[in-house]
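> Here's a structure for you.
There are 2 protein chains.
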Amino acid sequence: MSVSLRDVAKSAKVSVGTVSNVLNRPEIVAEKTLNRVRETIKELGFVPNGFARQLRFGNSRTIGLIVPDVSNPFFTEVARGVEDGANKRDYAVFLCNSDESVQKEERYINVLIEQQVRGVLFSPSDIKSNRMEEMKGRGISVTLLDQEQKGNNHCSVSVDDIYGGRIAIEYLSDLGHHDIAWVCGPESIPQVAERGIGVAKAAKAGNVKIETIRVPLMNSAQGEEAAKAILELPTLPTAVFCANDLLALGVMRGLMAAKVKVPDQISILGYDDIKFASSAAIPLSSISQPAYQIGVTAADLLLSECEDGESHQHQQIKFQPKLVERESTKKR
Amino acid sequence: MSVSLRDVAKSAKVSVGTVSNVLNRPEIVAEKTLNRVRETIKELGFVPNGFARQLRFGNSRTIGLIVPDVSNPFFTEVARGVEDGANKRDYAVFLCNSDESVQKEERYINVLIEQQVRGVLFSPSDIKSNRMEEMKGRGISVTLLDQEQKGNNHCSVSVDDIYGGRIAIEYLSDLGHHDIAWVCGPESIPQVAERGIGVAKAAKAGNVKIETIRVPLMNSAQGEEAAKAILELPTLPTAVFCANDLLALGVMRGLMAAKVKVPDQISILGYDDIKFASSAAIPLSSISQPAYQIGVTAADLLLSECEDGESHQHQQIKFQPKLVERESTKKR
DNA sequence: CATTAAGGCTGAATCGATTCAATCCAGTTA
DNA sequence: TAACTGGATTGAATCGATTCAGCCTTAATG
Numbered sequence: 001m002s003v004s005l006r007d008v009a010k011s012a013k014v015s016v017g018t019v020s021n022v023l024n025r026p027e028i029v030a031e032k033t034l035n036r037v038r039e040t041i042k043e044l045g046f047v048p049n050g051f052a053r054q055l056r057f058g059n060s061r062t063i064g065l066i067v068p069d070v071s072n073p074f075f076t077e078v079a080r081g082v083e084d085g086a087n088k089r090d091y092a093v094f095l096c097n098s099d100e101s102v103q104k105e106e107r108y109i110n111v112l113i114e115q116q117v118r119g120v121l122f123s124p125s126d127i128k129s130n131r132m133e134e135m136k137g138r139g140i141s142v143t144l145l146d147q148e149q150k151g152n153n154h155c156s157v158s159v160d161d162i163y164g165g166r167i168a169i170e171y172l173s174d175l176g177h178h179d180i181a182w183v184c185g186p187e188s189i190p191q192v193a194e195r196g197i198g199v200a201k202a203a204k205a206g207n208v209k210i211e212t213i214r215v216p217l218m219n220s221a222q223g224e225e226a227a228k229a230i231l232e233l234p235t236l237p238t239a240v241f242c243a244n245d246l247l248a249l250g251v252m253r254g255l256m257a258a259k260v261k262v263p264d265q266i267s268i269l270g271y272d273d274i275k276f277a278s279s280a281a282i283p284l285s286s287i288s289q290p291a292y293q294i295g296v297t298a299a300d301l302l303l304s305e306c307e308d309g310e311s312h313q314h315q316q317i318k319f320q321p322k323l324v325e326r327e328s329t330k331k332r
Numbered sequence: 001m002s003v004s005l006r007d008v009a010k011s012a013k014v015s016v017g018t019v020s021n022v023l024n025r026p027e028i029v030a031e032k033t034l035n036r037v038r039e040t041i042k043e044l045g046f047v048p049n050g051f052a053r054q055l056r057f058g059n060s061r062t063i064g065l066i067v068p069d070v071s072n073p074f075f076t077e078v079a080r081g082v083e084d085g086a087n088k089r090d091y092a093v094f095l096c097n098s099d100e101s102v103q104k105e106e107r108y109i110n111v112l113i114e115q116q117v118r119g120v121l122f123s124p125s126d127i128k129s130n131r132m133e134e135m136k137g138r139g140i141s142v143t144l145l146d147q148e149q150k151g152n153n154h155c156s157v158s159v160d161d162i163y164g165g166r167i168a169i170e171y172l173s174d175l176g177h178h179d180i181a182w183v184c185g186p187e188s189i190p191q192v193a194e195r196g197i198g199v200a201k202a203a204k205a206g207n208v209k210i211e212t213i214r215v216p217l218m219n220s221a222q223g224e225e226a227a228k229a230i231l232e233l234p235t236l237p238t239a240v241f242c243a244n245d246l247l248a249l250g251v252m253r254g255l256m257a258a259k260v261k262v263p264d265q266i267s268i269l270g271y272d273d274i275k276f277a278s279s280a281a282i283p284l285s286s287i288s289q290p291a292y293q294i295g296v297t298a299a300d301l302l303l304s305e306c307e308d309g310e311s312h313q314h315q316q317i318k319f320q321p322k323l324v325e326r327e328s329t330k331k332r
């Protein structure tokens, strides 16, 4: 079926060791031999079998990327960054969507262990370090994605979500909003929890009333649901802050369908600043995170950990989110 | 470092063959032995080394997905579908962004061959079957994605792009537009070429004048460039048809920035019907393709080819695009 | 008691690339 | 001529899971 190193050796009338040297240490092979072997390789269309090499080495040139859902534009960008970062170092990336299901996460972790990936970029839906310790024990580096690592067992690349929640409320409060709905997903999602902390802090400091509306998933359909819930509130808030842009776009659609004027009656602020925030019906103000940059940085960090080995120092990199002001929160 | 089958055998005081049987044919192992070995496996935290197994078998449980760019929402959805389809059968997916560069494609194909993927889902930027034949020769199945295979050498899952281009122009023509700008990427992209054929056909039939505006990349920044080009046209067209929604959104932004009223002065029609088409500043009419479904179907097709082996019959599956009407082409 | 059958288990051989101690050989030196 | 040097090449051993021909028990049968 497939051409092996042995076949090349036979055809070029050299030993397997020489062929291997041609591939890996060409400088120690005599030029004449080198050329002959290289020609034979091309002739037979030989490509080394990665398994055999990796079996020998005990590690691969692959990493795993576990995210809740690539079709969430934030993670799409992160994934794109990861892929570019990995590609730069000649690594291939396994894409894994966990759908925020612990079960799927578990399954994927098993698959990745079996594939002997070199490292894993992980954005866990739920915190459970045992699996991460297990991977570590198996020599698989783990870098946390979009989530800070409190101890110093792993690298992490995250965004300061507490800060993000805080500046969002401070900004709305400065615009004169004192009755704000906070639309978010389950508390078990760390980013939600942290942004919530920032929200609560700023609310307390600014004397703002917060109405929390929690939905099970953070997509735009759930945002429309949230809009209904907002409309049923005893007193209508003057602003809505959403835990991500998909929710915000859903809320916007839901409110506009109910003839609520945005931003005149209700301002809407999103989170993530996805590409399309600016081309929404009413361009959406949002808290911006450098998603692509996060992906590249995380891949870099993970791979330098993989390649440095012992000498590696774990790092916690934290990006600061930024407010991007658009129509949906224009001053009244 | 890692626990091997041999370690388990030693610890459980059986032979390697028996441990292997416990894993793969538990029914032929005596119950007592079975339990003892299973316990030892758990105790030592043994996970079989995928490489060794795959080296033996000569194939893996992985597939490759090569797309121009996952951050293009159409491909994001496709990727999501592929991932789900593969996951259902316990396969893992390598994500590869070619950025429409033949060079990157070539590199990725090499990586995938080296990783001995079982199959590849490929959306080629440029048609060159030699690499595909090569993969085939190496026992790697290839299914074409979003592109029809003329011969019968591979499966393919595609959308009828000629039809899509045709219905777009027919629709605009029916609305009374007879001077239409066609904004698209390089002719070398097959989808662009095909949609262009449909456009030309319908234009001829409907006596519509088409002004082609070609840009190097199909993103929204290039759309804004295209908008400038449109504004410099000797006579302003009354409608713009774009080869994808990103271009269309860019064009929309560009035109609106120049105070052109959409759709009153110029109607805009996109292609792909991405999630955000409906929440654009002016909700975007678009030609809709079942992206997620395409992904799932392609993965299914590829994996059934991989698993059926000889008995497999190549299939060409073709989805029909549909027009989705929104504000950006409302009747005047 | 001898023979046969069958279930349980063993362990050497295998997949393909890499490594490294051993060998080969042309050229140099004494 | 013999001894030595060092660059080039060789090929058996290795990584870990799987396979399968063959071995060992035990039980059943004539």
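Residue numbers (full-length UniProt numbering), protein chains in the order written: chain D, 1 to 332; chain P, 1 to 332. Idealized CB from N, CA, C, for every residue including glycine.
Can you have a look at residue 289(D) and say buried or exposed, based on whether 16 or more other CB atoms are within 10 angstroms of its CB?
Buried, because 16 or more other Cβ atoms sit within 10 Å of the Cβ of residue 289(D).
> Could you spell out the range, first to last residue, of the beta strand (DSSP E) harbouring residue 270(D)?
Residues 267–272.
> Given a threshold of 16 other Cβ atoms within 10 Å of its Cβ, counted over all protein chains shown, does residue 231(P) qualify as buried or as exposed?
By the neighbour-count rule (16 or more Cβ atoms within 10 Å), residue 231(P) is not buried but exposed.
> List, in order along the chain, the chain P residues whose C-beta lies closer than 8 Å to that of residue 315(D)?
Near residue 315(D) there are no residues of chain P at all, since even the closest Cβ is about 24 Å away, more than 8 Å.
> Who are the neighbours of residue 39(D) on chain P, taking C-beta pairs under 7 Å?
Residues of chain P passing the Cβ test: none, with the nearest at roughly 18 Å.
> At which residue ranges does the segment 87–127 of chain P contain complete alpha helix (DSSP H) runs of 4 or more residues, listed in the order of the chain?
Within the segment 87–127 of chain P, the complete alpha helix (DSSP H) runs of at least 4 residues are 102–114.
> Output the residue ranges of the beta strand (DSSP E) runs that lie fully inside the segment 189–244 of chain P and measure 3 residues or longer, sorted by chain position.
Correct list: 209–214, 239–242.
> Identify the contact partners of residue 138(P) in chain D, using a Cβ-Cβ distance below 9 Å as the criterion.
Going along chain D in sequence order, the residues near residue 138(P) (Cβ under 9 Å) are 1, 2, 3, 45, 47.
> Note down, in chain order, every chain D residue with its Cβ under 7 Å from the Cβ of residue 319(P).
What residue 319(P) touches in chain D: nothing, since even the nearest Cβ is about 19 Å away.
> Count the other CB atoms within 10 Å of the CB of residue 6(D); is the residue buried (16 or more) or exposed (fewer)?
It counts as exposed.
> Is any beta-carbon of chain P found at less than 8 Å from that of residue 109(D)?
False, the Cβ-Cβ gap to chain P never drops below 8 Å.
> Residues in the same chain with beta-carbon distance under 7 Å from residue 28(P), minus the five sequence neighbours each way, listed in chain order, please.
Closer than 7 Å at Cβ, skipping near neighbours: 21.
> Look at the alpha carbon of residue 220(D) and the alpha carbon of residue 140(D), and state the distance between them as a whole number of angstroms.
The alpha-carbon atoms of residue 220(D) and residue 140(D) are separated by roughly 36 Å.
> Measure the Cβ-Cβ separation of residue 329(P) and residue 267(P) and say whether it is below 8 Å.
Contact: yes.
> On a CA-only basis, which of 189(D), 199(D), 193(D), 163(D) is nearest residue 180(D)? Give me that one, please.
If we check each option's Cα against that of residue 180(D), 199(D) comes out closest.
> Taking the C-alpha atoms as reference points, what is the distance between residue 34(D) and residue 89(D)?
Answer to the nearest angstrom: the Cα atoms are 26 Å apart.
> At which residues does the beta strand (DSSP E) containing residue 64(P) begin and terminate?
Unbroken beta strand (DSSP E) run through residue 64(P): 62–67.
> Report the residue from 66(P), 111(P), 70(P) whose alpha carbon sits nearest the alpha carbon of residue 144(P).
That would be 66(P), whose Cα lies nearest to the Cα of residue 144(P).
> Spatial neighbours of residue 58(D) within its chain, please: CB distance less than 8 Å, with the 5 preceding and 5 following residues excluded, ordered by chain position.
These residues qualify, in order along the chain: 116, 139.
> Under 7 Å Cβ-Cβ, which residues of chain P neighbour residue 293(D)?
Near residue 293(D) there are no residues of chain P at all, since even the closest Cβ is about 14 Å away, more than 7 Å.
> Determine, using beta-carbon pairs with one atom in the segment 49–57 of chain P and one in the segment 257–277 of chain P, whether at least three such pairs fall under 8 Å.
They do not touch, by the three-pair rule.
> Closer than 7 Å: is that where the CB of residue 257(P) sits relative to any heavy atom of the ligand HEM?
Only the bare structure without any ligand can be found here, which leaves the ligand HEM out of the picture.
> Counting along the chain, where does the alpha helix (DSSP H) carrying residue 142(D) start and finish?
From DSSP, residue 142(D) is part of no alpha helix (DSSP H) but of the beta strand (DSSP E) over 141–145.
> Can you find the residues in the same chain that come closer than 8 Å, C-beta to C-beta, to residue 60(P), ignoring five residues on each side of it along the sequence?
If we look at residue 60(P) and ignore the five residues flanking it on each side, its Cβ neighbours are 50, 54, 115, 116, 117, 118.
> With respect to the beta strand (DSSP E) encompassing residue 174(D), which residues constitute its N-terminal and C-terminal limits?
Looking at the DSSP string, residue 174(D) is not in any beta strand (DSSP E); the run it does join, the alpha helix (DSSP H), is 161–174.
> I want to see whether chain P comes within less than 8 Å of residue 113(D), judged by CB atoms only; does it?
For residue 113(D), the answer is yes, since a Cβ of chain P falls inside 8 Å of its Cβ.
> At the level of alpha carbons, what is the spacing between residue 168(P) and residue 204(P)?
Each residue's Cα considered, the two are about 13 Å apart.
> By the criterion of Cβ-Cβ separation under 7 Å, what are the contact partners of residue 76(P) in chain D?
Simply 70, 71, 76.
> Between the alpha carbons of residue 133(P) and residue 109(P), how many angstroms are there, rounded?
So the two alpha carbons sit approximately 12 Å from each other.
> In terms of residues, what are the limits of the alpha helix (DSSP H) holding residue 293(P)?
From DSSP, the alpha helix (DSSP H) with residue 293(P) extends over 291–308.
> Within the same chain, show all residues whose beta-carbon is closer than 7 Å to that of residue 3(P), passing over the 5 residues directly before and after it, in chain order.
Around residue 3(P): 44, 45, 46.
> Please identify, using Cβ separations under 7 Å, the residues of the segment 81–105 of chain D that lie next to chain P, in order along the chain.
Within the segment 81–105 of chain D, the residues whose Cβ lies closer than 7 Å to some Cβ of chain P are 83, 92, 93, 94, 95, 97, listed in chain order.
> Considering residue 32(D), what are the terminal residues of the beta strand (DSSP E) in which it resides?
Per DSSP, residue 32(D) belongs to no beta strand (DSSP E); it is in the alpha helix (DSSP H), 31–44.
> Please decide whether residue 283(D) counts as near chain P, where near means a Cβ-Cβ distance under 8 Å.
With 8 Å as the cut-off, residue 283(D) counts as an interface residue toward chain P.
> For the structure I just gave you, are there three or more beta carbon pairs, one from the segment 270–283 of chain D and one from the segment 305–319 of chain D, closer than 8 Å?
Contact fails: fewer than three Cβ-Cβ distances are below 8 Å.
> Does residue 269(P) come within less than 8 Å of chain D when only Cβ atoms are used?
No, no contact with chain D.
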